[in-house]
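Sequential numbering from 29 applies to the sequence shown in this note's numbering. C-beta atoms are modelled at their ideal positions from N, C-alpha and C, and glycine is treated no differently.
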Amino acid sequence: MTSPAKFRKDKEIISEYETQVKEIRAQLVEQLKCLDQQCELRVQLLQDLQDFFRKKAEIEMDYSRNLEKLAERFLAKTRYTKDPQFKKEQNVLSPVNCWNLLLAQVKRESRDHATLSDLYLNNIIPRFAQVSEDSGRLFKKSKEVGLQLHEDLMKVLNELYTVMKTYHMYNMDSINAESKLKEAEKQEEKQMSRSVRHEDRQTPRSPDSLTNIKIEEKHVRRSSVKKIEKMKEKRQAKYTENKLKANKARNEYLLALEATNNCVFKYYIHDLSDLIDCCDLGYHASLNRALRTYLSAEFNVETSKHGGLETIENAAENLEANADKQRLMETYNNVFCPPMRFDFQSHMGDMVGHLCAQQPVQGELIQRCQQLQSRLSTLTIENEEVKKTMEATLQTIQDMVTIEDFDVTDCFHHSNSMESVKSTVSESFMSKPSLAKRRANQQETEQFYFTKLKEFLEGRNLITKLQAKHDLIQKTLGESDQIIPLMVESCIRFISRHGLHHEGIFRVSGSQVEVNDIKNAFERGEDPLAGDQNDHDMDSIAGVLKLYFRGLENALFPKEVFHDLMSCVSMENLQDRAVHICKVLLSLPSNILVIMRYLFAFLNHLSQYSDDNMMDPYNLAICFGPTLMSVPEGHDQVSCQAHVNELIKTIIIHHETIFPGPRELEGPIYDRGGAAEEYWFQKILSSTTDHVTLKTGVMMLKIQHCFILYIKSILK
Numbered sequence: 029m030t031s032p033a034k035f036r037k038d039k040e041i042i043s044e045y046e047t048q049v050k051e052i053r054a055q056l057v058e059q060l061k062c063l064d065q066q067c068e069l070r071v072q073l074l075q076d077l078q079d080f081f082r083k084k085a086e087i088e089m090d091y092s093r094n095l096e097k098l099a100e101r102f103l104a105k106t107r108y109t110k111d112p113q114f115k116k117e118q119n120v121l122s123p124v125n126c127w128n129l130l131l132a133q134v135k136r137e138s139r140d141h142a143t144l145s146d147l148y149l150n151n152i153i154p155r156f157a158q159v160s161e162d163s164g165r166l167f168k169k170s171k172e173v174g175l176q177l178h179e180d181l182m183k184v185l186n187e188l189y190t191v192m193k194t195y196h197m198y199n200m201d202s203i204n205a206e207s208k209l210k211e212a213e214k215q216e217e218k219q220m221s222r223s224v225r226h227e228d229r230q231t232p233r234s235p236d237s238l239t240n241i242k243i244e245e246k247h248v249r250r251s252s253v254k255k256i257e258k259m260k261e262k263r264q265a266k267y268t269e270n271k272l273k274a275n276k277a278r279n280e281y282l283l284a285l286e287a288t289n290n291c292v293f294k295y296y297i298h299d300l301s302d303l304i305d306c307c308d309l310g311y312h313a314s315l316n317r318a319l320r321t322y323l324s325a326e327f328n329v330e331t332s333k334h335g336g337l338e339t340i341e342n343a344a345e346n347l348e349a350n351a352d353k354q355r356l357m358e359t360y361n362n363v364f365c366p367p368m369r370f371d372f373q374s375h376m377g378d379m380v381g382h383l384c385a386q387q388p389v390q391g392e393l394i395q396r397c398q399q400l401q402s403r404l405s406t407l408t409i410e411n412e413e414v415k416k417t418m419e420a421t422l423q424t425i426q427d428m429v430t431i432e433d434f435d436v437t438d439c440f441h442h443s444n445s446m447e448s449v450k451s452t453v454s455e456s457f458m459s460k461p462s463l464a465k466r467r468a469n470q471q472e473t474e475q476f477y478f479t480k481l482k483e484f485l486e487g488r489n490l491i492t493k494l495q496a497k498h499d500l501i502q503k504t505l506g507e508s509d510q511i512i513p514l515m516v517e518s519c520i521r522f523i524s525r526h527g528l529h530h531e532g533i534f535r536v537s538g539s540q541v542e543v544n545d546i547k548n549a550f551e552r553g554e555d556p557l558a559g560d561q562n563d564h565d566m567d568s569i570a571g572v573l574k575l576y577f578r579g580l581e582n583a584l585f586p587k588e589v590f591h592d593l594m595s596c597v598s599m600e601n602l603q604d605r606a607v608h609i610c611k612v613l614l615s616l617p618s619n620i621l622v623i624m625r626y627l628f629a630f631l632n633h634l635s636q637y638s639d640d641n642m643m644d645p646y647n648l649a650i651c652f653g654p655t656l657m658s659v660p661e662g663h664d665q666v667s668c669q670a671h672v673n674e675l676i677k678t679i680i681i682h683h684e685t686i687f688p689g690p691r692e693l694e695g696p697i698y699d700r701g702g703a704a705e706e707y708w709f710q711k712i713l714s715s716t717t718d719h720v721t722l723k724t725g726v727m728m729l730k731i732q733h734c735f736i737l738y739i740k741s742i743l744k
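Set out below in structure tokens:
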């Protein structure tokens, strides 16, 4: 029977899972709220711009006196908002920056022109109205996509919950069957001992009566033993059956767990980014066009304002959706960063946290891996075709909203007469047939784009799930070993002896000719850095070491652990971050861990001489980050590379905590203690024949070593 303590453990597991899911659900709600607030602020911003230009058009005829009042009015105006902090933080976004610069420019205006009034009313304001309408429409469509993504994500989480409950149920059945089997074995032992004691207690009787009694007792005992044996066989078969079901259920749970973690990570890294892109579709470009229209008019009216207008022009050039998306995600890092991975929850003492690849499920795993590979190949081809169609449609939309129709120079080719200053450009831009046709084409293209976007996201979601399962099965089915390459060991040994104090090492490029010569020598099986010669360029040696890792077919940090390692960058506590990195890296093959341990011990040693070589852990991480860990395709290269550099920096600083020692992981260890001193000591031994001179040299080295230790203790 199951004890109450075990029932409480079940409840704790379910409660912990439900709490984690509840946090994710709350985060999803906050994401939509954040995007809602973003849309509201955008609409408010566009409304402000329309009000601003409308009012500005009315007072243009009164020249600079009223323009100053207008600027002061809008600068001093405070608007009601539910979250003042949110509005304050939005000032870092490029559209808001343009708005602030625009108000500052208004203060500098000193006179007016009638053409400007016509342009404000009939050109710029309608543009802002169109942008506002487009933004609202696109946000509604994007919100529908977001809700669908949330629904799909919660469906994945519910599937994980169902699989976990199934695993718990089958594991409980296995435990109960095992308990019943042990009970049957105990009954059998009791029956055997009871029979022995009964024979020992029998009293002498007549031969005939004794024979009859023995025959009857043997028949009774035999019948009882057969019943117990039959019951034991049934319980044994039941236990074997339940144990197999429990193993399969655990495998399904682990596969679903891996798929769920990858789906969650994919949503936070890719889907959210795509969703924000949808919300911003055409907004920055359309706003850029409106502002450029204003700039063109202002530059033709008054060249004396060129300095202030250049500032706004630069801001308009910097209206960039990706930059604003990056700022938004950095500002609300807690909302948009991926959550912690779901960990395997062991049940009722089952500590097997990996796939069971032994018979009889090994063949099933191999067959399943092949099926997944075939399915992934088909899905990848299909999804790539959908992606190409979607990207072509997106390019069409971008072409529609980036038409360079903001030049209004022709509007100023008129006489000095003020009788008629109506703009022909405004008339052509607001032509109803032309405008209606363009709007209809744009909306039809947008509808097709969102259809393909949904299809692409759904396909990528399925590919992510299947790829995660395939990779985990393939990883379980085999690994291989190797030692540290000669090129790595020899370059590190040379730099440890001669280059710890070399300024700019790994940052300054060496001679390409010498780099190629050294590399070719290593490829021939030679060691050009062996011996005591120091006639090689230190930057070239460093270039050979970086070139080796850059030339690997697969980066030193496999792509399979990229998502796991990136999830730890958001941890503020460096010790917790190091522990999480250690946990992830322990899943790698031992040969990779040995090379990592050797390399990062050397980089840590090198960083301790940063006062001389100017290469602290951060600078070393910048040099080695792109070489050791490549950013997978489809990721934001700028933001991901910053996370990669922070990760490499953490590993350099905490390498002793992250990598296992020689007892836990056999293999070469980088010897940082007295590398240079030991080298010069060997030089003295090999070159000194006089005993007194040798003794003096050894004494000088000992004094130098003690002095270095004393300085280090003071610095600490």
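Can you name, in chain order, every residue of its own chain whose Cβ lies under 7 Å from the Cβ of residue 435, other than the five neighbours on each side? Once the five neighbours on either side are set aside, the close Cβ partners of residue 435 are 324.
Give the C-beta separation of residue 532 and residue 642 to the nearest angstrom, bearing in mind that I take them to be a contact with Cβ-Cβ under 8 Å. 6 Å
If we call anything under 7 Å between Cβ atoms a contact, is residue 38 one with residue 199? no
Give the range of the alpha helix (DSSP H) segment to which residue 320 is assigned. 311 to 329
In its own chain, which residues sit with a C-beta less than 6 Å from the C-beta of residue 632, not counting the 5 before and 5 after it? 680 and 683
Quick one: any contact between the stretch 72 to 82 and the stretch 49 to 63, if contact means 3 or more CB pairs under 8 Å? Two segments are said to touch when three or more pairs of C-beta atoms, one from each, lie closer than 8 Å; by this definition the stretch 72 to 82 does not touch the stretch 49 to 63.
Mind checking which residues open and close the alpha helix (DSSP H) that includes residue 409? 390 to 429
Reduced DSSP category for residue 508 - H, G, I as helix; E, B as strand; rest coil: Because the pLDDT of residue 508 is 33, which lies under 50, any placement of that residue in the model is unreliable, and the question is left without a value.
Once DSSP output is grouped into helix, strand and coil, what is the label at residue 664? coil
Between the stretch 310 to 317 and the stretch 427 to 434, do at least 3 Cβ pairs fall closer than 8 Å? yes
Apart from the five residues on each side of it in sequence, which residues of its chain come closer than 8 Å, Cβ to Cβ, to residue 173? 303, 306, 478, 481, 482 and 485
Cβ shell of residue 259 (< 6 Å), same chain only, five flanking positions each side left out: 212
Count the C-beta pairs between the stretch 564 to 574 and the stretch 597 to 604 that are closer than 8 Å, then say yes if the count reaches three, no if not. no
Which first and last residues belong to the alpha helix (DSSP H) in which residue 350 is found? 349 to 359
Taking the C-alpha atoms as reference points, what is the distance between residue 524 and residue 664? Cα to Cα, residue 524 sits roughly 36 Å from residue 664.
When the distance is taken between beta carbons, is residue 286 closer than 7 Å to residue 500? yes
Coarse secondary structure for residue 362, derived from DSSP in three states: The answer is helix: DSSP assigns residue 362 an H, G or I state.
Counted within 10 angstroms of its Cβ, other Cβ atoms place residue 152 as buried (16 or more) or exposed: Here residue 152 is buried: its Cβ has 16 or more other Cβ atoms, across all protein chains shown, within 10 Å.
Does residue 274 pass the burial test, meaning 16 or more other C-beta atoms within 10 Å, or should it be called exposed? buried
Does DSSP put residue 637 in a helix, in a strand, or in coil? coil
Take residue 132 as the anchor and find which of 335, 142 and 573 has the nearest alpha-carbon. 335
Assuming residue 621 and residue 534 form a contact by the criterion Cβ under 8 Å, report the distance between their Cβ atoms to the nearest whole angstrom. Contact flag wrong, Cβ pair sits at about 22 Å.
Residue 466 classed as buried or exposed, judged by whether at least 16 other C-beta atoms fall within 10 angstroms: exposed
Go ahead and pull the three-state DSSP assignment for residue 608. helix
Candidates 338, 195 and 266: which alpha carbon is nearest residue 205's? 266
Identify, in the order they occur along the chain, each residue of the same chain with its Cβ nearer than 7 Å to the Cβ of residue 437, setting aside the five sequence neighbours on each side. Excluding positions up to five away in sequence, the list reads 324 and 328.
In the structure shown, what three-state DSSP assignment does residue 154 receive? helix
CB residue 673 to CB residue 653, shorter than 7 Å? Here residue 673 is near residue 653, since their CB atoms are less than 7 Å apart.
Do the CB positions of residue 88 and residue 145 come within less than 7 Å of each other? The answer is yes: Cβ separation under 7 Å.
Quick check: the Cα distance between residue 143 and residue 356, rounded to an integer number of angstroms? 38 Å
On the DSSP letters alone, give me the boundaries of the alpha helix (DSSP H) that residue 693 sits inside. From DSSP, residue 693 is part of no alpha helix (DSSP H); its letter is neither H nor E.
Could you tell me whether the Cβ of residue 261 comes closer than 7 Å to any Cβ of chain C? Among the chains of the structure shown, chain C does not appear; only one protein chain is present.
Taking the alpha-carbon positions, what's the residue 604 to residue 677 distance? Their Cα atoms are separated by approximately 15 Å.
Pop quiz: residue 279 and residue 365 are said to be a contact at Cβ under 8 Å. What is the actual Cβ separation, rounded to whole angstroms? Not confirmed; about 31 Å, so no contact.
When the Cα of residue 209 is compared with those of 395, 475, 256 and 553, which residue comes out closest? 256
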